[in-house]
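Visitor:
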Amino acid sequence: MSAPKSIKHVLASARTGEEATIRGWIYRTRSSGAIVFAVVRDSSGIIQVTAKKGNLPDADLGAAKSAAIESSVIVTGKIFEDKRAPSGYEMRASSFQVIGAASPFPITEYQSEELLLDNRHLWIRSREQTAVMKVKASIMDGARQWLKQNDFVEVTPPILTQNACEGGVTLFKLKYFDREAFLSQSAQMYLEALIFSLDRVYSLTPSFRAEKSRTTRHLTEYWHLELEEAWVDNSGNMEIQEGLVSAMVENALRERREELTLLGRDPDDLKEVRPPFTRRSYSDVIGELKAKGHDVEFGCDLGAVEERAVTADEKVPMFVTNFPKEIKAFYMKEDEVDPRTVKCADLLAPEGYGEIIGGSERETDVNKLIERLNNLNIPIEAYEWYLDLRRFGSVPHSGFGLGIERVVRWVCKLEHIRDAIPFPRTVARVYP
Ligand code: 4AD
Ligand code: MG
9 MSAPKSIKHV
19 LASARTGEEA
29 TIRGWIYRTR
39 SSGAIVFAVV
49 RDSSGIIQVT
59 AKKGNLPDAD
69 LGAAKSAAIE
79 SSVIVTGKIF
89 EDKRAPSGYE
99 MRASSFQVIG
109 AASPFPITEY
119 QSEELLLDNR
129 HLWIRSREQT
139 AVMKVKASIM
149 DGARQWLKQN
159 DFVEVTPPIL
169 TQNACEGGVT
179 LFKLKYFDRE
189 AFLSQSAQMY
199 LEALIFSLDR
209 VYSLTPSFRA
219 EKSRTTRHLT
229 EYWHLELEEA
239 WVDNSGNMEI
249 QEGLVSAMVE
259 NALRERREEL
269 TLLGRDPDDL
279 KEVRPPFTRR
289 SYSDVIGELK
299 AKGHDVEFGC
309 DLGAVEERAV
319 TADEKVPMFV
329 TNFPKEIKAF
339 YMKEDEVDPR
349 TVKCADLLAP
359 EGYGEIIGGS
369 ERETDVNKLI
379 ERLNNLNIPI
389 EAYEWYLDLR
399 RFGSVPHSGF
409 GLGIERVVRW
419 VCKLEHIRDA
429 IPFPRTVARV
439 YP
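Residue numbers for the sequence shown follow this note's numbering, so the first one is 9 and each next one is one higher.
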């Protein structure tokens with residue numbers, strides 16, 4: 009037996025008559041008489057294997073015949089060109105070993121969404137899921153490379169906290185010995201503390217939102233990439249977002265064209281995702297929506313419907329800036345020019361996918377922060393440490409949070425955000 013190689017490697021170096029060994033799982037199988045046609049997959053691809061009486065020991069042929077879908081196998085054989093085979097080549101087995109026999113697989117073609125979610129631990133083996141996970145890895149890797157090149161230091165904020173960063177409504181509360189604590193909604197406040205030692209920081213952590221609404225873009229646990237930058241204003245913050253998002257998409261395009269195509273995303277759709285992105289004010293967007301007949305006015309938040317209406321025909325992401333103060337978080341900096349609004353920007357993905365980033369310049373005036381917390385009836389005690397950041401050498405600063413699964417959903421053209429994460433948590437599901 010030759011040393012096992014990945015299927016991709018074997019296909020790439022396939023020369024008629026060459027022997028190779030592969031390891032993987034049976035993806036499809038059928039037998040007719042003395043011949044078995046099995047398609048074997050590994051993490052890199054699929055290849056058709058034919059096991060024919062006379063070419064391999066009878067015991068191996070028997071094993072190949074009785075091996076069910078998802079059995080794990082090691083196969084050795086010669087590679088031949090075969091135009092009818094899925095990858096253009098087939099392996100003619102001289103040895104076929106079943107390593108882990110599979111019980112009848114609970115997932116067959118055309119299953120209900122619920123059954124697939126109940127069997128998520130098995131469904132993640134599918135080619136689509138595998139492709140999404142690879143694209144996601146390239147998106148995160150693209151981010152990390154860009155962050156490193158741009159002098160950001162990765163930090164490790166806590167998940168257990170006593171601070172609501174994004175309001176009380178979506179907090180997961182838990183008993184922390186004899187006190188109450190929450191699962192983090194955002195690392196932002198901790199990142200703000202860390203810029204005083206490190207200038208430019210980021211973290212990639214899970215964030216938790218007790219979202220009761222069932223939508224195609226909300227998870228209760230998602231991966232949150234957050235940046236915080238000293239000496240940067242709202243406009244500099246948007247430039248950082250453009251650079252970062254473009255690098256994430258570019259890395260996915262560089263590394264995962266095949267996977268994107270398999271998912272139904274034409275990689276060329278994403279070629280225009282380069283700085284600068286479109287910039288529009290909230291007021292301007294409200295004006296457009298009104299003209300299109302939407303029932304909105306200054307002060308309304310933009311929901312999925314409104315975001316879709318504004319971006320459905322766009323090719324590049326769009327910043328929407330200067331939201332009304334009342335509908336945004338307490339820490340956002342008031343705009344001097346239009347004090348009804350704050351110096352913030354949401355970044356909306358094109359094609360109607362909606363918000364992927366929320367960011368802002370931060371309020372540095374401790375009295376304004378206290379006033380806003382008071383107006384929201386938030387007890388100050390838990391925020392004293394955060395207010396200290398304004399009392400000890402405060403600097404202008406900005407930051408933002410990007411939902412990784414939101415970006416993956418857009419880049420992979422997924423209908424539902426749950427397919428952007430292997431084990432989705434939603435209001436209806438925390439199993440498996
Ligand atoms: O807009 P959000 O709530 O902003 C913050 O949390 C800031 N504190 C971030 C910061 O400035 N450091 O959330 C940021 C992003 C959203 O734009 C969205 O992409 C994602 O997090 N997000 C979710 N993704 C999936 N499921 C949910 N329930 C999400 N809620 C927010
Ligand atoms: Mg937001």
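Glycine is no exception: its CB is placed at the ideal position from the N, C-alpha and C atoms. Computed from a prediction, not measured in an experiment: that's the story for all the values here.
Given this structure, state the Cα-to-Cα distance separating Ser-192 from Thr-169, to the nearest angstrom.
Guide: Cα to Cα, Ser-192 sits roughly 6 Å from Thr-169.
Visitor: With a threshold of 16 other CB atoms inside 10 Å of the CB of Pro-432, please say whether the residue is buried or exposed.
Guide: Answer is buried; the Cβ neighbour count reaches 16.
Visitor: Return the Cβ separation of Leu-377 and Glu-371 in integer angstroms, given the expectation that the two are a contact with Cβ distance under 8 Å.
Guide: Yes, they are in contact, since the Cβ atoms of Leu-377 and Glu-371 sit about 5 Å apart, within 8 Å.
Visitor: Report yes if the C-beta of Glu-2 is less than 7 Å from at least one heavy atom of ligand 2; otherwise report no.
Guide: In the structure as shown, the chain starts at 9 and stops at 440, and residue 2 therefore has no counterpart that could be examined.
Visitor: Residue range of the alpha helix (DSSP H) that Val-435 falls in?
Guide: Val-435 -> no alpha helix (DSSP H), and no H or E assigned at all.
Visitor: Looking at C-alpha atoms only, which residue of Tyr-198, Lys-86, Ile-107 is the closest neighbour of Ser-518?
Guide: Residue 518 cannot be examined here, being either before or after the span of the chain that is shown, 9 to 440.
Visitor: Can you tell me which of Ile-425, Val-18, Thr-434 puts its alpha carbon nearest to the alpha carbon of Arg-225?
Guide: Measuring from the Cα of Arg-225, the nearest candidate turns out to be Ile-425.
Visitor: Taking the alpha carbon of Asp-207 as the reference point, which residue from Arg-222, Asn-382, Val-240 has its own alpha carbon closest?
Guide: For Asp-207, the nearest C-alpha among the options comes from Val-240.
Visitor: State yes or no: is the C-beta of Lys-16 within less than 8 Å of the C-beta of Ile-43?
Guide: No.
Visitor: Provide the residue span of the alpha helix (DSSP H) that contains Thr-3, from first to last.
Guide: Examination of residue 3 is not possible in this model, given that the chain is present from 9 through 440 alone.
Visitor: Let me check one thing: in DSSP terms, what residues is Met-326 bridge-paired to?
Guide: Looking at the DSSP assignment, Met-326 forms a beta bridge with Thr-286, Leu-356.
Visitor: Compute every distance between the C-beta of Cys-308 and the non-hydrogen atoms of ligand 1, then say whether any falls below 7 Å.
Guide: For ligand 1, not one heavy atom lies less than 7 Å from the Cβ of Cys-308.
Visitor: With C-beta atoms as the reference, is Leu-278 less than 8 Å away from Val-419?
Guide: Yes, they are a contact pair.
Visitor: Relative to the C-alpha of Met-326, which candidate in Glu-359, Glu-305, Lys-298, Glu-344 has its C-alpha closest?
Guide: Closest by alpha carbon: Glu-359.
Visitor: Using 7 Å as the cut-off, classify the Cβ of Leu-227 as near or not near the heavy atoms of ligand 1, replying yes or no.
Guide: The answer is yes for Leu-227.
Visitor: Report the option in Ala-201, Val-324, Asp-276, Thr-349 whose CA atom is closest to the CA atom of Ile-364.
Guide: That would be Val-324, whose Cα lies nearest to the Cα of Ile-364.
Visitor: Cα-Cα, which of Val-57, Val-83, Ile-87, Pro-112 is closest to Phe-104?
Guide: Per the Cα distances, Val-83.
Visitor: Give the list of continuous beta strand (DSSP E) stretches no shorter than 3 residues that lie fully inside the stretch 155-192.
Guide: Qualifying beta strand (DSSP E) stretches, in chain order: 181-184, 187-191.
Visitor: Quick check on Arg-417: buried or exposed, where buried means 16 or more other Cβ atoms within 10 Å of its Cβ?
Guide: Classification of Arg-417: buried, given that the 10 Å Cβ count is 16 or more.
Visitor: I need the boundaries of the alpha helix (DSSP H) containing Ser-74, first residue and last residue.
Guide: Unbroken alpha helix (DSSP H) run through Ser-74: 66-74.
Visitor: Looking only at its own chain, which residues have a Cβ that is under 8 Å from the Cβ of Glu-272, when we skip the five neighbours before and after it?
Guide: Going by the sequence as given, residue 272 is Gly instead of Glu. Same-chain partners within the cutoff: Lys-421.
Visitor: Check whether the Cβ atoms of Ala-218 and Thr-178 sit closer than 8 Å, and answer yes or no.
Guide: Yes, these two residues count as a Cβ contact at 8 Å.
Visitor: In chain order, what residues of the same chain lie with their CB nearer than 8 Å to the CB of Gly-362, ignoring the 5 residues before and after it?
Guide: These residues qualify, in order along the chain: Arg-225, Ala-312, Glu-315, Arg-316, Thr-319, Leu-356, Arg-414.
Visitor: Touching or not, the stretch 65-79 and the stretch 108-125, by the rule of three or more beta carbon pairs under 8 Å?
Guide: Short answer: they touch.
Visitor: What are the start and end residues of each continuous alpha helix (DSSP H) run of 4 or more residues lying completely inside the stretch 338-396, in chain order?
Guide: Counting only runs of 4 or more, we get 374-383.
Visitor: Under 7 Å: does the beta carbon of Leu-124 sit that close to some heavy atom of ligand 1?
Guide: Answer for Leu-124: no, Cβ out of range of ligand 1.
Visitor: Does ligand 1 have even one heavy atom less than 7 Å from the beta-carbon of Tyr-35?
Guide: No, Cβ of Tyr-35 sits at least 7 Å from all heavy atoms of ligand 1.
Visitor: Look at Ala-255 and Gln-137 and say whether their C-beta atoms are less than 8 Å apart.
Guide: Contact: no.
Visitor: Please say whether Ala-101 and Thr-58 have beta carbons closer to each other than 8 Å?
Guide: For Thr-58 and Ala-101, yes; Cβs fall inside 8 Å.
Visitor: Let me make sure I understand the geometry here. Which of Met-197, Ala-436, Asp-126, Arg-49 has the alpha-carbon closest to that of Phe-408?
Guide: Among Met-197, Ala-436, Asp-126, Arg-49, the Cα nearest to that of Phe-408 belongs to Met-197.
Visitor: Name the two residues that bound the continuous beta strand (DSSP E) containing Arg-100.
Guide: Here the beta strand (DSSP E) through Arg-100 covers 97-108.
Visitor: Could you tell me if the beta carbon of Arg-414 falls within a distance shorter than 7 Å of some heavy atom in ligand 1?
Guide: Yes.
Visitor: Are Ala-139 and Glu-267 touching if we call contact CB-CB under 8 Å?
Guide: Going by C-beta atoms, Ala-139 is nearer than 8 Å to Glu-267.
Visitor: Please list, in chain order, all residues of the same chain as Leu-202 whose beta carbon is under 6 Å from its beta carbon, the five residues on each side excluded.
Guide: Contacts found: Val-163, Val-209.
Visitor: What first and last residue would you give for the beta strand (DSSP E) that runs through Glu-237?
Guide: Run containing Glu-237: 229-238, per the beta strand (DSSP E) assignment.
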